[in-house]
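Asks:
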Amino acid sequence: FFYVLWPKWKVFKQVPYEDRFNNPIKRLWNTIRIAIFQTKMFKETKSGWMHALIFWGFFILLARALWFFFIGFFPAVELGVGGVETLYALIKDIVIFFVTLAASYALYRRLVIRPERLTLSRDGIVILILILLIMISDTLFDAGWQARNPQASLSGIWVGSLIAPMLNILGADAVVHLHNLAYWTHVICILYFLTLLPGSKHLHIITAIPNVFFSQVSAGGNELHRIAFENKEQESYGVSKIGELSWKKLLDLHSCTECGRCDVACPA
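Quick look at the structure:
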């Protein structure tokens, strides 16, 4: 992940500086309103909810992903957070349900509906499949744990508790193997997901929030600048190489999701 990301970061340090730190209160409010609450996404209701559920789920389930890696290195350690763990387990299962619905709809939208404006890339499909595998493996991991430890019921794991009795039909050995398979599927999918991010449009998962924070807040700031075609000494017009972009425009470039909304909005 960092090996692929590092060359991109080096380019950021080489391009021209642009001051985007003025009016921090307004920038913070824009970030909360647009990035966190996804207000602009709801201009299209179905795709807006689809994206928002996946986005919010990503942050809520981040703690769960870290927990999976933690127990991989320290399997015998008990965190002992009691009621907080139970509450989070309940919220986590609800989030997994809605993220699974959203990712399934996103996959259906790409493969069946196929909106004309949408760039149908292989990376997009792979990422959605990985999200679904992460959600399913998480649930099966809980179900396997519940089946192996029926006496140690955790009330928050309601989906796993429903599936666990069905797994017992497979036998004790099969449940152990399924439990381990779910764990490794979850971890491997997360790691593969991370390796895909820096080289695909899904880098916007990292860049989108800071890009909103550093967006233009002054009136008229997004107007196109006139190109001086009459200047005979000018070697190029517009942008001919990456070094002519400011760091903010480069951040815009890495935040593009190839959603096609710019094509729809363009009056040309």
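Residue numbers (the working numbering): 2 to 269. Cβ coordinates follow ideal geometry from the N, Cα and C atoms, glycine included. All figures in this text were calculated on a predicted structure; none of them were measured in a lab.
1. Report the option in Ile170, Trp68, Leu141 whose CA atom is closest to the CA atom of Trp159.
2. Would DSSP call Phe2 helix, strand or coil?
3. Figure out for me which residue from Ser237, Lys41, Leu54, Ala175 has the closest Cα to the Cα of Ala148.
4. Where does Cys190 sit, in a helix, a strand or coil, going by DSSP?
5. Is the beta carbon of Glu19 less than 8 Å from the beta carbon of Trp185?
6. In whole angstroms, what separates the C-alpha of Ser48 from that of Leu131?
7. Suppose you measure from the CA of Arg34 to the CA of Thr40; what does that come to, to the nearest Å?
8. Quick one: is Asn232 buried, meaning 16 or more other Cβ sit within 10 Å of its Cβ, or exposed?
9. At which residues does the alpha helix (DSSP H) containing Ala90 begin and terminate?
10. Grouping DSSP H, G and I as helix and E and B as strand, with all else coil, what is Leu246?
11. At a Cβ threshold of 8 Å, is Ile61 touching chain D?
12. If you measure between the beta carbons of Met136 and Ile97, is that distance less than 8 Å?
13. Locate the alpha helix (DSSP H) running through Val160, then write down its first and last residues.
14. Between which two residues does the alpha helix (DSSP H) containing Pro211 stretch?
15. DSSP state of Cys257, grouped into three classes?
16. Measure the Cβ-Cβ separation of Ala103 and Ile210 and say whether it is below 8 Å.
17. Under the assumption that Arg21 contacts Phe215 (Cβ atoms under 8 Å), give the Cβ distance between them as a whole number of angstroms.
18. Find the nearest neighbour of Lys27 within the set Ala266, Val218, Lys250, judged by alpha-carbon distance.
19. Looking at the structure shown, is Leu121 part of a helix, part of a strand, or coil, going by DSSP?
20. Just confirm the distance between the C-beta atoms of Lys93 and Leu62, as a whole number of angstroms; I'd bet it's less than 8 Å.
21. Just the C-alpha distance for Ser138 and Arg262, rounded to the nearest angstrom, thanks.
22. If you check the beta carbons only, do Leu197 and Asp124 fall under 8 Å apart?
23. Can you tell me whether DSSP reads Arg115 as helix, strand or coil?
24. Relative to the C-alpha of Leu29, which residue among His255, Ser237, Val213 is closest?
25. Relative to the C-alpha of Leu67, which residue among Ser256, His187, Ser237 is closest?
26. What residue ranges within the segment 16–87 form continuous alpha helix (DSSP H) runs of no fewer than 4 residues, ordered along the chain?
27. Using a threshold of 8 Å, state whether the C-beta atoms of Gly172 and Ala144 are closer than that.
Replies: On the basis of the coordinates in this document:
1. For the options Ile170, Trp68, Leu141, the alpha carbon positioned closest to that of Trp159 is the one of Leu141.
2. Three-state result, Phe2: coil.
3. Considering only Ser237, Lys41, Leu54, Ala175, the residue with the shortest C-alpha distance to Ala148 is Ala175.
4. Per DSSP, reduced to three states, the secondary structure at Cys190 is helical.
5. The answer is no: Cβ separation not under 8 Å.
6. Each residue's Cα considered, the two are about 19 Å apart.
7. Straight-line Cα distance between these residues: approximately 6 Å.
8. Result: exposed.
9. Note, Ala90: alpha helix (DSSP H), 84–109.
10. Leu246: coil per DSSP, three-state reduction.
11. Among the chains of the structure shown, chain D does not appear; only one protein chain is present.
12. Closer than 8 Å, so yes.
13. Boundaries of the alpha helix (DSSP H) around Val160: 159–168.
14. Looking at the DSSP string, the run of the alpha helix (DSSP H) that includes Pro211 is 205–214.
15. Coil at Cys257, not helix or strand.
16. Going by C-beta atoms, Ala103 is not nearer than 8 Å to Ile210.
17. For Arg21 against Phe215, the beta-carbon gap comes to about 4 Å, under 8 Å, which counts as contact.
18. Nearest option by C-alpha distance: Val218.
19. In the three-state DSSP reduction, Leu121 falls in the coil class, being neither helix nor strand.
20. The pair is a contact, with the Cβ atoms about 7 Å apart (cut-off 8 Å).
21. Taking the straight line from one Cα to the other gives about 34 Å.
22. A distance below 8 Å separates the beta carbons of Leu197 and Asp124.
23. If DSSP states are grouped into helix, strand and coil, Arg115 belongs with coil.
24. Restricting attention to His255, Ser237, Val213, the CA atom closest to the CA of Leu29 is found in Val213.
25. Minimum Cα distance to Leu67 is reached at His187.
26. Given a length threshold of 4 residues, each whole run of the alpha helix (DSSP H) inside the segment 16–87 is given here in chain order: 25–31, 46–61, 63–74.
27. Cβ atoms of Gly172 and Ala144: not closer than 8 Å.
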